[in-house]
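K.L.:
Heads up: the sequence shown begins at 8 in my numbering, then just goes up one per residue.
The beta carbon of each residue, even a glycine, is placed where N, CA and C say it ideally should be.
It should be emphasised that the depicted structure is a prediction, and the values quoted were computed from it without experimental measurement.
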Amino acid sequence: MATSKHQSQEHQNSGKNRVVYSEFGESANSPALERALPDLPPNQQNLKVQATRSGRKGKTVTVISGFQTQPETLEGLVKQLKTQCGAGGTVKENTIEIQGDHRQKVLELLIKLGYKAKISGG
Numbered sequence: 008m009a010t011s012k013h014q015s016q017e018h019q020n021s022g023k024n025r026v027v028y029s030e031f032g033e034s035a036n037s038p039a040l041e042r043a044l045p046d047l048p049p050n051q052q053n054l055k056v057q058a059t060r061s062g063r064k065g066k067t068v069t070v071i072s073g074f075q076t077q078p079e080t081l082e083g084l085v086k087q088l089k090t091q092c093g094a095g096g097t098v099k100e101n102t103i104e105i106q107g108d109h110r111q112k113v114l115e116l117l118i119k120l121g122y123k124a125k126i127s128g129g
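(1) I need the boundaries of the beta strand (DSSP E) containing Q57, first residue and last residue.
(2) Could you pull out every residue in the same chain whose Cβ sits closer than 8 Å to the Cβ of P48, ignoring the five residues on either side in sequence?
(3) Would you report the Cα separation of V70 and I105, rounded to the nearest angstrom?
(4) Looking at C-alpha atoms only, which residue of I126, F74 and N50 is the closest neighbour of D108?
(5) Quick one: give me the first and last residue of the beta strand (DSSP E) that Q106 is part of.
(6) Kindly list the residues whose CB is nearer than 8 Å to the CB of V68, restricted to its own chain and excluding five residues on each side of it in sequence; keep chain order.
(7) May I ask you to list the residues that DSSP assigns as paired with K112?
(8) Quick one: give me the first and last residue of the beta strand (DSSP E) that G83 is part of.
(9) Count the other C-beta atoms from every protein chain shown that fall within 10 angstroms of the C-beta of V27, then say buried if there are 16 or more, exposed otherwise.
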């Protein structure tokens, strides 16, 4: 009886990683399925700089959107902007958020770095 119990557990465990059908090859984390981000030079990117408070409990945040570049490039850029503005900030879904209303300063810095940027919204 002990042998049949062992065999049934072995049979159940063998089906855990079994793939019955897969149209696109390996798992969903496959590099082939990741969306390729174009890495355009700064002078070909049209950025929008706006200050917003929506969804942030009344705190003003400067949001820069419209990037078409790799996340590593954005990390370097957000570090520069945070230093120049003297504020915190982060990268979220291909946008940069800087704490506080720094629209004019951010706009000047982006233009100096070669980006095409403009202030959006009121």
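P.N.:
Checking against the coordinates, here is how it stands:
(1) Numbered from 1 along the sequence shown, position 50 holds the residue referred to as residue 57. Residues N53 to T59.
(2) Taking the first residue of the sequence shown as 1, we reach residue 48 at position 41. Hits under 8 Å: G121.
(3) In the sequence shown, counting from the first residue as 1, residue 70 sits at position 63. In the sequence shown, counting from the first residue as 1, residue 105 sits at position 98. Approximately 7 Å between the Cα atoms of the pair.
(4) On the sequence shown, residue 108 is found 101 positions in, with the first residue counted as 1. Considering only alpha carbons, the answer is I126.
(5) Residue numbering aside, residue 106 sits at position 99 when the sequence shown is read from its first letter. Residues T102 to Q106.
(6) Translated into the one-based positions of the sequence shown, residue 68 becomes position 61. If we look at V68 and ignore the five residues flanking it on each side, its Cβ neighbours are A58, T59, R60, E104, I105, Q106 and G107.
(7) Within the sequence shown, the letter at position 105 stands for residue 112. Paired residues: none, contrary to the question.
(8) Position 76 of the sequence shown, counted from the first residue, corresponds to residue 83. Counting along the chain, G83 falls outside any beta strand (DSSP E), though it belongs to the alpha helix (DSSP H) covering P78 to C92.
(9) Locating residue 27 in the sequence shown gives position 20, where the first residue counts as 1. Exposed is the call here.
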